[in-house]
Amino acid sequence: MKERIRELQKLLTRYNYEYHVEDNPSIPDSEYDKLLHELIELEGKYPEYKTDTSPTVRVGGEILSGFEKVEHSLPMLSLGNAFNEEDLRAFDQRVRNNAGEVTYMCELKIDGLAVSLTYEEGRFTRGATRGDGTVGENITENLRTIHAIPLTVDSDLTFEVRGEAYMPKRSFINLNEKRAEEGKQEFQNPRNAAAGSLRQLDPKLAAARNLSVFLYSVTSPEALDAESQSGALDKLDELGFKTNKERRLMTSIDEVIEYVDYWTTHRSELAYEIDGIVIKVNNLSTQEELGYTVKSPRWAIAYKFPA
Ligand SMILES: COc1nc2nc(N)nc(N)c2nc1C
Numbered sequence: 255m256k257e258r259i260r261e262l263q264k265l266l267t268r269y270n271y272e273y274h275v276e277d278n279p280s281i282p283d284s285e286y287d288k289l290l291h292e293l294i295e296l297e298g299k300y301p302e303y304k305t306d307t308s309p310t311v312r313v314g315g316e317i318l319s320g321f322e323k324v325e326h327s328l329p330m331l332s333l334g335n336a337f338n339e340e341d342l343r344a345f346d347q348r349v350r351n352n353a354g355e356v357t358y359m360c361e362l363k364i365d366g367l368a369v370s371l372t373y374e375e376g377r378f379t380r381g382a383t384r385g386d387g388t389v390g391e392n393i394t395e396n397l398r399t400i401h402a403i404p405l406t407v408d409s410d411l412t413f414e415v416r417g418e419a420y421m422p423k424r425s426f427i428n429l430n431e432k433r434a435e436e437g438k439q440e441f442q443n444p445r446n447a448a449a450g451s452l453r454q455l456d457p458k459l460a461a462a463r464n465l466s467v468f469l470y471s472v473t474s475p476e477a478l479d480a481e482s483q484s485g486a487l488d489k490l491d492e493l494g495f496k497t498n499k500e501r502r503l504m505t506s507i508d509e510v511i512e513y514v515d516y517w518t519t520h521r522s523e524l525a526y527e528i529d530g531i532v533i534k535v536n537n538l539s540t541q542e543e544l545g546y547t548v549k550s551p552r553w554a555i556a557y558k559f560p561a
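So the sequence shown is residues 255 to 561, counted in the numbering used here.
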């Protein structure tokens, strides 16, 4: 019986990755649900074989009485903003005055909730909100229910990844339709819906909200021996994390402005909401050279779309 449980745990973990990270399932949902219910039943009968990395934890565990405060290993920074082409050119000028010619990594700025995920010897052990940047809330149980977050990764390293949890537009529309039917107040936008979902004390409610995540940084890139932001993101892909595929490397601010203009007009085609574009110096040692102001990196800027 233990073999069957282990086999189901492995199978469902792979199917989950194919569906929620690769967006390319190899089996129909009905087959996935059948296997999941078999595993829930077997783990119920043989609890000694249920682990906290089993695919069944995605359905949510017991209700919490509150969220404990947790201190971030490194502060979760905020980004300086740019609102127009002039701001972007000024950012580029400052960077090149200090670091010479650079390559930029451009990434979509997902309109969700910043989260930090800690992996110890390859297991997801803690998840937290950004909070005030230094202290956040421990929302591990709710984050476990997000299928795009791997519960284990193929690495015995200990590291922390950061990204944005969000609610896809489709899930947002369905949720508000349901709330309207139930006479409940609808959410203003997917960001509020995602934030409200992750602040639920009952993980079963969070599990029902179809949240997802895009990861965009690892606190110790050297742990993954990455030398650039693009290298770090490729490493995250290899480890089974979900990253955003619209990222592009640019060698000039003119290209960056083109990319910003493109998404200003095409963001409605995306399955999720974005509120801007993040531009980062790609090379990690150049990032260190440029350093930080009191609260933001000098090597990155967030272009915000006009409201
Ligand atoms: C390096 O720091 C950051 N990088 C980011 N990257 C993307 N794509 N989106 C963000 N919201 C973001 N936020 C921060 C603080």
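Every residue, glycine too, gets a C-beta built ideally from N, C-alpha and C.
Beta-ladder partner(s) of residue i, from DSSP
i: I364; result: I528
i: V415; result: L371, V472
i: I555; result: I533
i: L503; result: M359
i: Y513; result: Paired residues: none, contrary to the question.
i: V467; result: A419
i: A336; result: Y557
i: Y546; result: P551
Host alpha helix (DSSP H) of residue i (start-end)
i: S484; result: 483-493
i: E391; result: Element bounds for E391: not the alpha helix (DSSP H) but the beta strand (DSSP E), 389-391.
i: K323; result: Here K323 belongs to no alpha helix (DSSP H); instead the beta strand (DSSP E) covers 323-325.
i: H291; result: 283-299
i: F345; result: 339-353
i: L452; result: 444-452
i: I427; result: 423-435
i: T399; result: From DSSP, T399 is part of no alpha helix (DSSP H); its letter is neither H nor E.
Proximity test, residue i beta-carbon vs ligand 1 heavy atom, cut-off 7 Å
i: E542; result: no
i: K363; result: yes
i: Y470; result: yes
i: A554; result: yes
i: A402; result: no
i: E476; result: no
i: P309; result: no
i: P551; result: yes
i: A368; result: yes
i: L524; result: no
i: S539; result: no
i: S284; result: no
i: L331; result: yes
8 Å contact criterion, which residue i and residue j should meet: CB distance rounded
i: R463; j: M421; result: 7 Å
i: L367; j: E414; result: Incorrect: roughly 16 Å between the Cβ atoms, too far for contact.
i: L564; j: R416; result: The structure shown does not extend to residue 564, since the chain is modelled only from 255 to 561, so the question has no answer here.
Contacting residues, own chain, Cβ-Cβ under 6 Å from residue i (five flanking each side not counted)
i: A556; result: L333, N335, K363, G530, V532
i: Y273; result: P279
Proximal residues to residue i (C-beta, below 7 Å), its chain only, five neighbours per side dropped
i: T388; result: E325, H326, P329
i: T267; result: P309
i: Q263; result: L293, S308, P309
i: K228; result: This structure cannot speak to residue 228, because the chain is shown only from 255 to 561.
i: I393; result: F321, G381, A382, T383, L452
i: N396; result: L452, Q454, P457, A460
i: R258; result: L296
Limits of the beta strand (DSSP E) - the one that residue i falls within
i: A382; result: 377-383
i: E276; result: No beta strand (DSSP E) holds E276; DSSP gives it neither H nor E.
Contacting residues, own chain, Cβ-Cβ under 8 Å from residue i (five flanking each side not counted)
i: R624; result: As shown, the chain starts at 255 and ends at 561. That puts residue 624 outside it, with no answer to give.
i: R348; result: R552
i: Y546; result: L331, R552
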